Structures are given as C-alpha cells and as structure tokens.
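Protein chains in written order, with our numbering: chain H, 1 to 177; chain E, 178 to 422. From the three backbone atoms N, C-alpha and C, an ideal C-beta is built for every residue, glycine too. A quick note: this is a predicted structure, and the numbers were derived from the prediction, not measured.
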Amino acid sequence: MRIPAIYLYPALRARIVESRGRLYRVALAWCGDAMLADDLVQDTVVVALAKLHQLRDPQRLHAWMWGIMYHKWQHYLRDRPNCVEIDDQLTSEDPSPSDRYHQGSIVDRVRSVVSGLPEDQRVVISLVDLDGLSYCEVAEILDVPIGTVMSRLHRARKRFLEAFDRETNVVMLRVVE
Amino acid sequence: MTDDDRLDDYTLGAFVDGQLDAETRQVVMNAMRTDAEVRDHVCSLWKAKELMWLGFEDARSARHDMSAVISPGGWMRYAASICIVLILGGVMGGYIGYLAGHSSTDKAAVMTVDALEKVDRIVLHISKSDQAQFKAAMDFVRMFMHEHPDGRGSIAVIANAGGLDLLRAGVTPYEQEIAEITSGHVNVHFIACAQSIRTLRNQGIEPEFPSTVDASLPAFDQIIRRVEEGWRYISVDKLMKIQRG
C-alpha cells in the first residue's frame, strides 16, 4: 500500500530544502546568472512546498521538482522583455578583452561555453551531467521523447567540446603572446 | 544487429551516462579495447561530462537566507542530515554506482557502512598530485579496511599521471603506511600505471615504488579489467565532491 504523501511531509519538506544545492547548480547552468539562478531555485522551492500535496509518488520528488523548475525557467524565457533567442547563436569566437581575462580558469571557460549552447541543449546536458538524471527522467521532465533527449545531448556535447577547445586555444594563444 | 551498428554516437553517449543494458555495454567495452577511434570518442564524451561537472561543482548560492520559504515546525532539524546521492560515473565503463550518506561534522561519515556494504569491490582512481586528494584516498582506504575487517571486500587504488606521487617512494607522505597496509591486508591493492611510469622515464625521472605496489599494466587496462569483473569505479575527484556535500 502506498503511503499518502501527507504522512511524509516533514521528510519531503526537508528533502525539498536540501535540494537547493542541486537545483542551484543546474539553474546556474541554465541561466548563466547567479541572481537569476537564486530566484529560480527559490521560486521552485516555494512552489514545491506549497504544492507538496499534489505529489502523488514521493519517490519522484526530485523529478517533480525539476519539472517545476523547468517550467519556471520556460516562463521566464517567454516573459522576459526583449527576449533574445539564443538557440541560433554560436559561442563567440572573438571574445572581448574582458571575456578573455575571465576565460583564464577552466570553470569560467566551461560556464562561458555552456551559456553559449542552445537553450534546449543546455537544459538536457545540465540535467544529465550535473544531476545525473536518466534519459527517461529527463524525457519525462521536458515532456519529449527519449530520442529527442539523446539527440540534444549528443549535439550539446559535440558543441560543448568544440567550443571549449576553441576557447582553450584562445587562452593558450594569449599566454603565448 | 552487428556490433558496429550499435556503436553510433548516441550509443556511446548512453554508455558514458550509464544508460545501456549489460549486453550493449559489453559490446562497447570490447570495442574500446580494439578500436582506438571508439576509445577516443568515449574519452572525449567523458571529458565533456567531467568538464561540465568541474564547471559547476562549486556553484553555491550567495543567498544563504532561505528561511523565508521554510515554515515553522521544527523540521529544520532534518536539514542537519543532508542526504547525498551523487551519481558516480565510471571513466571507462560508464558504470554508475552511488554512495549514499548523511553529512555531519565528520566528513568521513559520508562513506557509511551502508554504502560500503553495497559496493564491496572498489576501484579508487587517482590521477592528480594533490595532497588533499592523497588524504582523501588514504582516508577512504582506512575506512574500507575498518568496514571490512574480515578481508571480504577488495579495494584497488589505481594511480596514474600526477596521482603516481601518492605511491612514489620518497615522494608520498604515506610510503610507510602503504607498505604496512599491503603487507597486512591482501584485499587492499595499490597499483601504479605502467604507462605513466614510462612517461616519467621519458622525462628522465626514474620513479620508485614500494615493492608491494603493482606497476605491471597501464591504468586503463587495470580499470577496465576490474570494471568488467563488477568492481565499482570511483575517482578521488568524485569522492571529494561527495565529502564536500
């Protein structure tokens, strides 16, 4: 017999709050902005706590929360003013001097490259690589077929590696100079 | 379906993500042994995964005050027992295991008895010359020995690249301890990568190791063989991430 979620509230609430670190890591990958990632995580946690009674299967808590955060993120992308479609943008091959300075660390380079990925690819690669979700879980969260998850992931990694190597070469050239 | 048919980009991606069934996973592992192109491709995919993690592993919210979203009722006590479930990817096998634990002031407690009972044959891979990583590796070995006093489990510490320094005589601060452990525990193995040793020799460095350290094969072969036998792969990088919570 399934235990109704209401009896698990204290533990589930604790797990929701404890998930902030995981959520934030992925939110930052999605947004590329610390403040926005904070907002996204906080909104997600608030909604999850408020709608906990709607969670039918406590085992799916994390997938459920990812779904909430994904929809929050999609709402943000739709509603923000002067929205720029980044799907068609390539990672800059000619970074500004400021960008070059910040490209010094691997962390900065990775984040820069991730921010240049198309949004649909960025979402998938973040969920798989940063939170270790299965393809099935990601497909369920995004409401897309597993094949779509795999193709987005493949394109994301290909693009990621190409851009990362390109940025690394830029940094190495700068060092040589 | 031929083996080649299965080894498309998506399959190799699923391999590094631990999403394949046992049969297909074995096909990939066999191909990695014989096909340099497949091996390189898998390594590049793993590189992407590792870089992604590296880029965001330390991401922390600057906003600490989340109390506004926490309702009263004393359930904050649960926050003191943070459950860590971190997917660990195998560098070669795409094998995924997990360690679950409860954080506390004692970071070593992350490696709980429960976790170790589930994963009693472990490949611990270290590839960096870093004192913190050395300590984490040795702490893990000690913990493993403590949890397996009967010698039933096995752990193999496999060092390559900079990680060789953990095992090098005259370099490692753990030289005596490693010698004592290996002489007293048949289920603990310290292994130095033969390929990395060759690299050092090519640089004019002649590394020396305690006699109990196995330096017969490249790390790749050592890891693959064990993973095929069902050992769980854990990198010290990931181990430290777990410890940090």
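- Think of a sphere of 7 Å around the beta carbon of H:Ile125: the chain E residues whose beta carbon falls inside it are Met229, in chain order.
- Following the DSSP letters along the chain, one finds E:His302 inside the beta strand (DSSP E) bounded by residues Arg298 to Ile303.
- Distance from the CA of H:Arg13 to the CA of H:Val149, rounded to the nearest whole angstrom, comes to 30 Å.
- Taking the CA atoms as reference points, E:Ala313 sits about 31 Å from H:Gly32.
- By the criterion of at least three beta-carbon pairs nearer than 8 Å, the segment 359 to 376 of chain E is in contact with the segment 390 to 408 of chain E.
- When the five nearest sequence neighbours on each side are left out, the beta carbons in the same chain lying within less than 6 Å of the beta carbon of E:Glu352 are those of Ala346, in order along the chain.
- Interface residue (Cβ-Cβ distance to chain E less than 9 Å): H:Leu55 is not classified as such.
- In the DSSP assignment, the residues bridged to E:Arg409 are E:Ile299.
- Distance between E:Asp194 and E:Ile382, taken at the CA atoms: about 37 Å.
- Counting other Cβ atoms within 10 Å of its Cβ, E:Lys226 reaches 16 or more and is therefore classed as buried.
- Residue burial is scored here from C-beta neighbours: E:Arg409 has at least 16 other C-beta atoms within 10 angstroms and is therefore classed as buried.
- Apart from the 5 residues on each side of it in sequence, H:Val47 sits with its Cβ closer than 6 Å to the Cβ of Ile68 in its chain, given in chain order.
- For E:Lys226, the C-beta contacts it makes with chain H under 7 Å involve Asp129, in order along the chain.
- The beta-carbon separation of E:Leu189 and E:Val205, rounded to 7 Å, stays under the 8 Å limit for a contact.
- For E:Ile332, the enclosing beta strand (DSSP E) covers residues Ser331 to Ala336.
- Here the alpha carbon of E:Ile303 sits roughly 16 Å from the alpha carbon of E:Phe386.
- Your pair H:Val110 and E:Leu231 checks out as a contact, with CB atoms roughly 6 Å apart and the cut at 8 Å.
- Around the beta carbon of E:Lys415, 16 or more other beta carbons lie within 10 angstroms, which makes this residue buried.
- Look at the segment 182 to 197 of chain E: the residues with a C-beta under 8 Å from a C-beta of chain H are Asp186, Tyr187, Gly190, Ala191, Asp194 and Gln196.
- The three-state secondary structure of E:Ala369, taken from DSSP, is strand.
- Restricting attention to H:His154, H:Gly116 and H:Leu153, the CA atom closest to the CA of H:Arg166 is found in H:Gly116.
- Across the segment 209 to 222 of chain E, CB contacts with chain H closer than 9 Å involve Ser221 and Leu222, in sequence order along the chain.
- Given a length threshold of 4 residues, each whole run of the alpha helix (DSSP H) inside the segment 198 to 247 of chain E is given here in chain order: 199 to 211 and 213 to 233.
- Judged by their CB atoms, E:Leu301 and E:Val413 are nearer to each other than the 9 Å cut-off.
- In the three-state reduction of the DSSP assignment, E:Asp327 falls in the coil class.
- Beta-bridge pairing by DSSP links E:Asp391 to E:Ile368.
- By the CB criterion at 9 Å, H:Ile106 and E:Leu184 fall outside the cutoff.
- In the structure shown, H:Lys158 falls within a helical segment according to DSSP collapsed to helix, strand and coil.
- The beta carbons of H:Leu130 and H:Arg60 sit no closer together than 9 Å.
- Straight-line measurement puts the Cα of E:Pro326 at about 47 Å from the Cα of H:Arg152.
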